[in-house]
Every structure is written in C-alpha cells, then in structure tokens.
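Participant:
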Amino acid sequence: MTRHESNQAVDRLLGPAEPEATCDECFELLDVYVDREVLQGDAEQAMPALAAHLRGCPACAEDHESLRTFVTTGPPAA
Amino acid sequence: MLDSVPMTAEAPITSRDDLLERLRATGGRHDAATRELHAMLLRAARYEIGRRSAALAHVHGEDPEDLALQAADDAFVAVMAKLDQFRGESRFSTWAYKFALYEAAVRVRRRAWQHREVVLDPESWLTVADGSAGPQGRHDQAELLGAIRSMIDTKLTARQREVLIALTIQGVPIDVLAERLDSSRGALYKTLHDARRKLRLELAAAGHELEATT
C-alpha cells in the first residue's frame, strides 16, 4: 500500500471531521447545492454540512457528480 | 441532520423555469407539460445509464433503454407527487433532474451487484492493515491504520463493524447494502457516521492527531 493509498484508506474509514448532513437531507438539497455551485460558485461555503457529507458518502458524491455534470454540460437533445 | 449546523445560505436562487407553472395548470396545457417533463426525465435517465454502462457490462440480458424508462417513470411519479414541495431555491429543471439521475443510478448499482455476493467479513480489514507496513516514511500512517484496526475490533459494535468495512473497505454501494440488510440508505449512513465518530473520539483519546479530511 502506497502512502497515498494509505491516506485514502484512513479518509474513507474516518470520514469528514466536520458536522455533516444525512443522506436524506443531502438528496433534499442536492439541487440547491448544485445550482449554487454552478451559478454562484459558493456552494461549499454556503452549505458546509452538505459539502462534508459529500466527502463522506460515496453514493451521494456520485449522485452529486452526475447532477452537476448533467446540468453543466446540458441535456442532450430529444 | 447528523449535527446541528445551518444547512443552507439565506438567499435563494430564483427559478425562471415556467414548466412548473404549466404542470400546475389544467387541461391541454398541463397534459403537454407532463409529456415534456417525462421526456426531460428520460433524457436524464438515459444519460446516467450511459455514463455508468461499464458497470453493467457483465450483466447479461439487461436492456439499458428499459432501465432508463423505468427510472424515468419512477422519477416522474416522484416529481409529480412532490410538486408542491418545490421551494424555488434552485432551477426547477435541476430539481426534477435529480430524481431521474438518482433513480437511474440506484438501478445501475443494484443491477451491477445483483449476482455478486456481499460478504460482511470483518477479516477483510486484514488486507488493508497488513499491507500498510512499509518504509520508514510510512511508519506514522501504518501506526494510525494499526490503531484504527484495533479500535474497529474492540470499540465498535458488530453492526457498526460490518457496515463500516462493507462501505469503506469492500466498496459495497450503500444502496446495495441497504437492500441486502433490509435497511435504508439513511439508516446505514447513520450507523457509518456513528462508527466513524466513535473511532475519531477513541483515536483522539489515545493521542493520535487527526487531520480534517479535505
């Protein structure tokens, strides 16, 4: 295991140190977070508990990445 | 919320979409809007399933278009049921898309794991901790991992241990684990959060300095 892998293992095991939202709260506010991120660029500062959750929950992080990418690149034509 | 801190900033983003207004209308205007919404959701579901197609490569007999349609249908039902809960803090399209992307992602994760056994085996932790021993430069990290391993074994409940290892070491998707354990994503994440907090407290009490994750 390299040091980088070791650090990643520790991060995955211990998760974020900061107070964080739940998965349900994350889903509830994910659209608000993504629009703040895309349109105003201040999502992490404005919604720190949700940002922390995204660092600790791989599934919610995937959902966040999907929504951000989709609304950023634009939906394909019908 | 797992901890008591503000969730959102005060200033909302005003939605300029008029689809919401048309969905709340009646007659032909409403019917046309529902068709437009379903088409939007289907595009999002197709996009998500296409993006995750590699995860389904080993799953035979799965039609991506069927999956996309199922996801879009369920997302459509969810959006229509929650229409009155939309608060205008985001664009309506962003709010609606998240349902389709979520439904599609959950389906892909579950399909990708449907024939894979989830073995909740705390011994799999051995492969991580044992591999951490190495050159001098890695000594501190190896010591920390060793301490974490010891605390997982001695300080966590059996349930916390299983969930922590399955989600963080074995890489089992939380939706899949929730289905196998007849639980929910939220309940499992709460278990994971409690386990992590206990580990942090125990590590701090034992004198380990922990950096905040970034």
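Read top to bottom, the protein sequences are chains R and F.
Take my numbering: the last position of the first sequence gets the number 85, and nothing is skipped along the way.
Take my numbering: the last position of the second sequence gets the number 527, and nothing is skipped along the way.
Beta carbons: idealized from backbone N, C-alpha and C, even for Gly.
Chain R partners of F:A418, CB-CB under 7 Å?
Facilitator: E69, D70 and S73
Participant: Which term fits R:H60, buried or exposed, when burial requires 16 or more other beta carbons within 10 angstroms of its beta carbon?
Facilitator: By the 10 Å Cβ count, R:H60 comes out buried.
Participant: State yes or no: is the beta carbon of R:G63 nearer than 9 Å to at least one beta carbon in chain F?
Facilitator: yes
Participant: Under DSSP, the alpha helix (DSSP H) around F:I478 begins and ends at which residues?
Facilitator: A471 to T481
Participant: Nearest to F:A358 by CA position, among F:R513, F:R510 and F:A413, is which residue?
Facilitator: F:A413
Participant: Using the Cα positions of F:D344 and R:H71, report the straight-line distance between them to the nearest angstrom.
Facilitator: 30 Å
Participant: Rounded to the nearest angstrom, what separates R:L36 and F:D495 at their Cα positions?
Facilitator: 25 Å
Participant: So is R:G63 buried or exposed if we call it buried at 16+ other beta carbons inside 10 Å?
Facilitator: buried
Participant: Inspect the CB distances between the region 475 to 485 of chain F and the region 515 to 524 of chain F and report whether three or more fall short of 8 Å.
Facilitator: Taking 8 Å as the limit for Cβ pairs, the verdict is that the region 515 to 524 of chain F does not touch the region 475 to 485 of chain F.
Participant: Taking buried to mean at least 16 other C-beta atoms within 10 Å of its own C-beta, is R:T29 buried or exposed?
Facilitator: buried
Participant: For R:V78, which option in R:A66, R:V17, R:V39 and R:E51 has the closest C-alpha, if you only look at C-alpha atoms?
Facilitator: R:V39
Participant: Please name the residue in F:L512, F:G363, F:Q473 and F:D387 whose C-alpha comes closest to that of F:A500.
Facilitator: F:Q473
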